[in-house]
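Okay, so here's the structure we're looking at.
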Amino acid sequence: MKESIAIVAALLAIAGNLPYLFDIIKGRVKPHPYTWFVWSIVSCIVFFGQVVKGAGWGALPTGASEIFTIIIFLFSLKYGFKGITRTDTIFLVVALLGLIPWILTKDPTISVIIAVGIDLVAFAPTLRKTWLKPTSETPILYGSNVLRHILALFSLQTYNIATMLHSIAMITANTAMTGIILARKK
Numbered sequence: 005m006k007e008s009i010a011i012v013a014a015l016l017a018i019a020g021n022l023p024y025l026f027d028i029i030k031g032r033v034k035p036h037p038y039t040w041f042v043w044s045i046v047s048c049i050v051f052f053g054q055v056v057k058g059a060g061w062g063a064l065p066t067g068a069s070e071i072f073t074i075i076i077f078l079f080s081l082k083y084g085f086k087g088i089t090r091t092d093t094i095f096l097v098v099a100l101l102g103l104i105p106w107i108l109t110k111d112p113t114i115s116v117i118i119a120v121g122i123d124l125v126a127f128a129p130t131l132r133k134t135w136l137k138p139t140s141e142t143p144i145l146y147g148s149n150v151l152r153h154i155l156a157l158f159s160l161q162t163y164n165i166a167t168m169l170h171s172i173a174m175i176t177a178n179t180a181m182t183g184i185i186l187a188r189k190k
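The numbering of the sequence shown is the working numbering, which starts it at 5 and goes up by one.
Laid out in structure tokens, this is it:
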């Protein structure tokens, strides 16, 4: 049963990310390169932390999403948001400095906690951009991420901080992002 839920969640990651990629190419959305750069690093850390701490099939949605996170980051370099501010750069530096304690720790749980903190800091430039330009994002990706992370929680083989924290944080952040997009577009 958990395997099936993990597969559905991974397919949801694909289904949520493919339209986003097409929207990037068509110029409908403008991903913030700083956010997607940090997310590509953090998602990799979280994925391996989940694997090491026994997430089992529950790590599959994170792995599937990580592939798209890297692709979206690469696309953001050409098609992404160009109005980067000093505040965005400060958030990038803070997020990257957060990698230092992660590198120094050998504990997967502490690594995931640090990575989730970095992930949330990295969300700030995209939240700022979307607040100012709500049409620069689409709610489909972020809404599907909420559902994907809920399913990922149900598909975990082992429940602990390392396996659960990222999904809980992403449910919260993606719900907020979806709400901002929908409320500000009106």
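All C-beta atoms, glycine included, are put in the ideal place defined by N, C-alpha and C. Quick caveat, the model's predicted, so the values are computed rather than measured.
{"Item": "Helix, strand or coil at residue 162 [DSSP, three-state]", "Value": "coil"}
{"Item": "Nearest neighbour of residue 50, chosen from 31, 122, 38 [CA to CA]", "Value": "122"}
{"Item": "Assigned exposure category for residue 111 - 16 Cβ within 10 Å defines buried", "Value": "exposed"}
{"Item": "Cα-Cα separation, residue 34 to residue 174", "Value": "20 Å"}
{"Item": "Selection from 158, 38, 64, 181 that minimises the alpha carbon distance to residue 143", "Value": "181"}
{"Item": "Secondary structure of residue 132, DSSP reduced to three states", "Value": "helix"}
{"Item": "Length at least 4, wholly inside the segment 83-114: the alpha helix (DSSP H) runs in chain order", "Value": "90-101, 103-108"}
{"Item": "Where residue 189 falls: helix, strand or coil (DSSP)", "Value": "helix"}
{"Item": "Which listed residue (151, 165, 166) has its alpha carbon closest to that of residue 178", "Value": "151"}
{"Item": "Opening and closing residue of the alpha helix (DSSP H) in which residue 19 lies", "Value": "6-29"}
{"Item": "For residue 138, the nearest candidate out of 170, 184, 115 (CA to CA)", "Value": "184"}
{"Item": "Top-ranked residue by Cα proximity to residue 70, from 45, 136, 156, 147", "Value": "45"}
{"Item": "Cβ contact check for the segment 95-106 and the segment 51-64: 3 or more pairs under 8 Å", "Value": "no"}
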